[in-house]
Amino acid sequence: MSGLSGARVVVTGGAGNVGSQIVDAVIGQGAREAVALDALVRGVPENLAHAIGTGKARLVEIDIRDREAVRANIDGADIVFHQAALRWTRCQENPRECQEVMVDGTFNVLEAAADAKVKRVVMASSAVVYGEPRRLPISEDEPTNPTTVYGAAKVANEQMGRAFAHLRDLPTTTLRYFNVYGPRMDVRSQYVEVMIRWLNLIDEDKPLTLFGDGSASVDFVYVTDVVRANLLAAEAKTRDAIVNVCSGVETRMRDLAELLLAQTGSRVGIEYKPQPAGALPARRYGDPRRAEELIGFRAETKLADGVRRLIEWRRTALATAGR
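So in my numbering the end of the sequence shown lands on 1066, straight run, no missing numbers.
Put into structure tokens, the structure is as follows:
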């Protein structure tokens, strides 16, 4: 029987991509109630339609900067999944807002969870904490060295999670997400991720833009794998573990572009442009071994399969939205 069976679960950022799918998953695992907390800056209520329809989930529109609202909604919880965050571009544009939401807000979540004596907090972090890696694949032993406001906030959150694990005996598991993709990605914002941006260009019959020679690489991990990592982390026996959530597969951006063109049947081609200043590290992919050792997680979805599912979901989502 799942450890989530009969549990009351709180998911911050619960109307977002990963958060809403965690809500779906915990209900599927037998949770008594799943409460999604979301300020609806990035999340959308439609992501929770199925879960709310079961009668076991509800959406509470709050900002995690509101200490008392956070406390009131976490009180009585068994497990907290902390997914709430601003987009990294917004953090760069509004550093103080980033500090208030992502650092102070996370403190509110941890404090409320400790006071409520929840069994565990699972926290979402990011591979951006590594900055420019010294070695590949990137292991959790790589020093954190972010150069963005978002990355600095994530490092602060990781360390505060560990501090609460020791100060307040609050078990925490922190997951460093690499490049998450899949259904429920944002298709509306001006800051859409690269896969959605390129699919938009394909729809517009425009070439895909690649910076540099296309050899820059990342590690893509499918959203349902990320959700499964969260569920496994919720049942971990560790006190304050931090693990990568990655596929361990290096994918060059040129190869991703060619995959999207092949799967859509498009002939728009690729347009190469000079690499802009401040670009992400030239190569990035994670070492998945510690996650497998500590929480039993290994990514299962192949990139080609995940991209196909994303394309199918996006087509339906846009049709539903009337585009």
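Cβ atoms here follow ideal geometry from the backbone N, Cα and C, with glycine treated the same way. All values derive from a computational prediction rather than experimental measurement.
Counted as a single uninterrupted DSSP element, the beta strand (DSSP E) harbouring I985 occupies residues D983 to V988. Per DSSP, the unbroken alpha helix (DSSP H) holding A1047 starts and ends at L1046 to T1063.
At a cut-off of 4 residues, the continuous stretches assigned as alpha helix (DSSP H) that sit fully inside the region 995 to 1024 are 996 to 1007.
S868 is bridged by DSSP to R919. Excluding residues up to 5 positions away in sequence, A782 lie with their Cβ nearer than 7 Å to the Cβ of D806 in the same chain.
In this structure the region 984 to 1003 does not lie against the region 785 to 804, because fewer than three pairs of beta carbons, one per stretch, are closer than 8 Å. Taking the Cα of A895 as reference, the smallest distance to any Cα among V844, G771 and R931 is reached at V844. Each residue's CA atom was taken as its position, placing A1025 and K799 some 44 Å apart.
Assignment of beta-bridge partners to A800 by DSSP yields A777.
C-alpha of E947 to C-alpha of S1009: approximately 11 Å in a straight line. Rounded to the nearest whole angstrom, the CA to CA distance from D998 to V766 is 33 Å. Counting C-beta atoms within 10 angstroms of its own C-beta, H793 has fewer than 16 neighbours from the protein chains shown and is therefore classed as exposed.
Using a C-beta cut-off of 8 Å, the region 975 to 986 makes contact with the region 905 to 925, since at least three inter-stretch Cβ pairs fall below that distance.
By the 16-neighbour rule on beta-carbons within 10 angstroms, H825 is buried.
In the structure shown, the three-state DSSP call for V752 is strand. Judged by DSSP in its simplified three-state form, V787 adopts coil rather than helix or strand.
In the three-state reduction of the DSSP assignment, F907 falls in the helix class.
Straight through space, the alpha carbons of G771 and L975 are spaced by roughly 14 Å. Secondary structure of F1040 (DSSP, three-state): coil. An exposed status is given to N888, since fewer than 16 other beta-carbon atoms sit within 10 Å of its beta-carbon. Judged by pairs of C-beta atoms under 8 Å, the region 964 to 981 does not touch the region 937 to 947, as fewer than three such pairs exist. Here V871 has W831, P889, T891, Y893, G894 and K897 as same chain residues with Cβ atoms under 8 Å from its own Cβ, once five neighbours each way along the sequence are excluded. Under the 10 Å beta carbon count, R931 is surrounded by fewer than 16 other beta carbons and is classified as exposed. Take the alpha-carbon of R1041 and the one of A867: they are about 17 Å apart.
Under DSSP, no beta-bridge partner is assigned to F850. Membership of V964 in the beta strand (DSSP E) is indicated by the continuous run F963 to Y965. R877 places its beta carbon 8 Å or farther from that of P914. The beta carbons of L1003 and L910 sit about 47 Å from each other, so the pair does not count as a contact at 8 Å.
In the DSSP assignment, the residues bridged to G1029 are I881. Excluding residues up to 5 positions away in sequence, L944, I945, D948, K949, P950, L951 and L1004 lie with their Cβ nearer than 8 Å to the Cβ of V1011 in the same chain.
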